[in-house]
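Residue numbers (the numbering used here), protein chains in the order written: chain A, 2 to 139; chain B, 2 to 139.
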């Protein structure tokens, strides 16, 4: 069963640069001209901005009582650059749910997310583990 | 060989809330009172903010000509909540460097990062792969 994101998220050049100034100040994330002469051949979003946007879409799209408490990432791959004006959408899939060993009042939800741009190219994939309160036990 | 971050990074309540409003709008990341009655027993930073701060420290601390181009994450674990006024520092370790199969003018650098707070508690661990241009080949 796949859960599509409730909407797509348009990434602007301004957001790419603002995020980079604060968290990933490398020339190809900050400036169009520097991007042109880099690996990316143009301005590209920090992969950590893409990961943050995916969390935003996840919070808007999956409604888990008590919230999604991140435990960790099993895998994350950046497959294609994210460019100004790209529209990102996600598909999430629950891979497994188990009771937490350390915290038996919580479940561990392992979920795979695939992130697409407006051309349906996969820009990122991830497998993330969340803790979710088990109903009636929190 | 371990590479300590060039500085520590102080996380404020304002930054925790600003990041959460934009990328992880869950009550325990947005509001002290909501945090108190949650899993976290207080306001806690989004794990994606911690990951972004770690990238900031990485960019300031490792100087790789041509930049660090993220390929992916092999593993990331959030071990302890990050709280307002925590000071984060990192230790990085290069696990391996190999020539990229797909892009022979690039190396793939696998690096482990351990993130500590001001009490030397480990708050996050990650293993991240970067592409770096090989000297004289870019």
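Just so it is clear, CB atoms sit at the ideal spot from N, CA and C, and this is done for glycine as well.
Worksheet item: What residue range is occupied by the uninterrupted alpha helix (DSSP H) comprising residue 17/B?
Response: That run of the alpha helix (DSSP H) goes 14-24.
Worksheet item: Within 8 Å (strictly less), CB to CB, does residue 105/B reach chain A?
Response: No, no contact with chain A.
Worksheet entry | Interfacial residues, the segment 57-87 of chain A to chain B, with Cβ spacing under 9 Å | When C-beta distances to chain B are compared with 9 Å, the residues of the segment 57-87 of chain A below that value are 57, 59, 60, 61, 67, 68, 69, 70, 71, 72, 73, 74, 75, 76, 77, 78, 79 and 80, in chain order.
Practice prompt. Select from 60/B, 105/B and 125/B the residue whose C-alpha is nearest the C-alpha of residue 7/B.
Written response: Comparing alpha-carbon positions, the option among 60/B, 105/B and 125/B lying closest to residue 7/B turns out to be 60/B.
Item to complete: On the DSSP bridge assignment, give the partners of residue 73/B in chain order.
Response: Residue pairing of residue 73/B in beta bridges, as defined by DSSP: 78/A and 130/B.
Worksheet entry | Buried or exposed by the 16-neighbour rule on C-beta atoms within 10 Å, applied to residue 147/A | The structure shown does not extend to residue 147/A, since chain A spans only 2 to 139, so no value can be given for it.
Worksheet entry | Assumed close pair residue 79/A, residue 72/B - CB separation to whole angstroms, cut-off 8 Å | Sure, about 7 Å apart at Cβ, within 8 Å.
Worksheet item: What residue ranges within the segment 47-120 of chain A form continuous beta strand (DSSP E) runs of no fewer than 3 residues, ordered along the chain?
Response: Taking only runs of at least 3 residues, the beta strand (DSSP E) segments lying wholly in the segment 47-120 of chain A are 70-79, 88-100 and 107-117.
Fill in: Contact set between residue 10/A and chain B, taken where Cβ atoms lie within less than 9 Å
Contact annotation for residue 10/A against chain B: no contact, minimum CB-CB distance about 10 Å [criterion: below 9 Å].
Discussion item. Quick check on this structure: which residue in 66/B, 23/B, 45/B and 43/B has the alpha carbon closest to the alpha carbon of residue 1/B?
Written reply: Summary: the structure shown does not reach residue 1/B, with chain B confined to residues 2 through 139, and so no result is reported for it.
Worksheet item: Opposite residue 11/A in the DSSP bridges: which residues?
Response: According to DSSP, residue 11/A bridges with 88/A.
Item to complete: Count the other C-beta atoms from every protein chain shown that fall within 10 angstroms of the C-beta of residue 13/A, then say buried if there are 16 or more, exposed otherwise.
Response: Its Cβ having fewer than 16 others within 10 Å, residue 13/A is exposed.
Worksheet item: Shorter than 8 Å from the beta carbon of residue 25/B to some beta carbon of chain A?
Response: Judged by the 8 Å Cβ criterion, residue 25/B is in contact with chain A.
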